[in-house]
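**Q** I'd like to ask you about the structure that follows.
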C-alpha cells in the first residue's frame, strides 16, 4: 500500500468513526480528495484505494485532468468537482467538463453554467457557496441572499441544486467551528424543505472535519492530508 493509499485509508477510517460517534448513517459522509496542483500519477494512486471523487480549484488544470482521464482511462468512473472561484470567461470549460460545482455565488454564474452545459450531459450538480463568517474577504453569498439564488437555480433545467458549501473563518477552537457549521446546516435544512433535490453539505477540511461531521456535513474536502504539501508554481 502506497503512502497516498495509507492516508486515504486512515481518513476514511476517521470518517467512519466520526459517523458512529455522532449517530450519522454509515457512508453518509463522502471524502472529496482535493487534487489541485497534484499530478495525474497521484490521482491514479488514490483511485487504486477506491477514491472516486476529486476536487479541483483551477479551471485549466482541472479540465486538463478530466480530458486526460477521458482519453486514457474511459473505463474509470470519477466524479469531478470544481471547488474554486469561477470567472465569467471560464464558465464554459467548467460546464463542459465537471460533474459538480461547489462555488456558485452569483446568478450570472448559474445562468451561464446552465446555458453552456452540453445537451448530451447530465445536469450539473451544484452547491451555493455561503459566506457564513460575514467577512468581506470571503467568497460566497450572504445568508439572506441564499434563497433568492436557490430559486433561480431551481428554475434552470441543466442545473440540479444539491445544497450549500462554505469555507468558514480559520479558527482553532471547536465550539466556534461547530457554531459556523451549524449555521450552514440550518440553511441547508430550510432549502431541503422547499427543494427535494437538496441533500448535500460541503464543509469541513483536515483541521475542522470533526466539527463539520457533527454538524451534518456530507462532503469533507481533504487535500494535503492525502497528497502532501501543494506546489503552487504551476497553478492556472
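In the working numbering, the protein residues as written are 10 to 245. Glycine included, each C-beta is placed from N, C-alpha and C at the ideal position.
#1: Cβ of residue 133 within 9 Å of Cβ of residue 122?
#2: Which class does residue 12 belong to by DSSP, given the choice of helix, strand or coil?
#3: Would you identify the three-state DSSP class for residue 24, choosing helix, strand or coil?
#4: CA-CA distance, residue 22 and residue 92?
#5: Along the chain, where does the alpha helix (DSSP H) that runs through residue 201 open and close?
#6: Hey, which unbroken runs of the beta strand (DSSP E) at 3 residues or more fall wholly within the stretch 34–78?
#7: By Cβ distance below 6 Å, which residues in the same chain neighbour residue 211 in space, the five residues on each side in sequence not counted?
#8: What does a CB cutoff of less than 7 Å around residue 191 pick up in its chain, not counting 5 residues either side in sequence?
#9: Can you grab the Cα-Cα spacing for the pair residue 94 / residue 177, in whole Å?
#10: Using a Cβ-Cβ cut-off of 6 Å (strictly less than) and excluding sequence neighbours within five positions of residue 44, which residues of its own chain qualify?
#11: Please confirm whether residue 66 and residue 236 have their CB atoms less than 9 Å apart.
#12: What is the rounded straight-line gap between the Cα of residue 184 and the Cα of residue 159?
#13: Out of 186, 125 and 61, which one is the CA nearest neighbour of residue 14?
#14: So is the beta-carbon of residue 79 under 8 Å away from any non-hydrogen atom of the ligand NAD?
**A** So, from the data block:
#1: Within the chain shown, the letter at position 124 stands for residue 133. Within the chain shown, the letter at position 113 stands for residue 122. Cβ atoms of residue 133 and residue 122: closer than 9 Å.
#2: As a working note, residue 12 is residue 3 in the chain shown. Collapsing the DSSP output to three states places residue 12 in a helix.
#3: Looking up residue 24 in the chain shown gives position 15. Helix.
#4: Mapped onto the chain shown, residue 22 falls at position 13. Mapped onto the chain shown, residue 92 falls at position 83. Distance between the alpha carbons of residue 22 and residue 92 is about 24 Å.
#5: Here the question's residue 201 lines up with position 192 in the chain shown. Element bounds for residue 201: 183–203.
#6: 39–43 and 62–65
#7: Within the chain shown, numbered from 1, the residue matching residue 211 stands at position 202. Around residue 211: 111, 136, 174 and 228.
#8: To locate residue 191, count along the chain shown from 1; it is residue 182. Result list for residue 191: 224, in chain order.
#9: For the purposes of this step, residue 94 is taken as residue 85 along the chain shown, with counting starting at 1. For the purposes of this step, residue 177 is taken as residue 168 along the chain shown, with counting starting at 1. So the alpha carbons of these two residues sit roughly 15 Å apart.
#10: In the chain shown, the residue the question calls residue 44 occupies position 35. Hits under 6 Å: 52 and 63.
#11: Along the chain shown, one-based indexing puts residue 66 at 57. Along the chain shown, one-based indexing puts residue 236 at 227. Not in contact: residue 66 and residue 236 (Cβ atoms no closer than 9 Å).
#12: Against the chain shown, residue 184 aligns to sequence position 175. Against the chain shown, residue 159 aligns to sequence position 150. Their backbone Cα atoms lie some 29 Å apart in a straight line.
#13: Translated into positions along the chain shown, residue 14 becomes position 5. The residue with the shortest Cα to Cα distance from residue 14 is 61.
#14: The model depicted lacks the ligand NAD and carries no ligand whatsoever.
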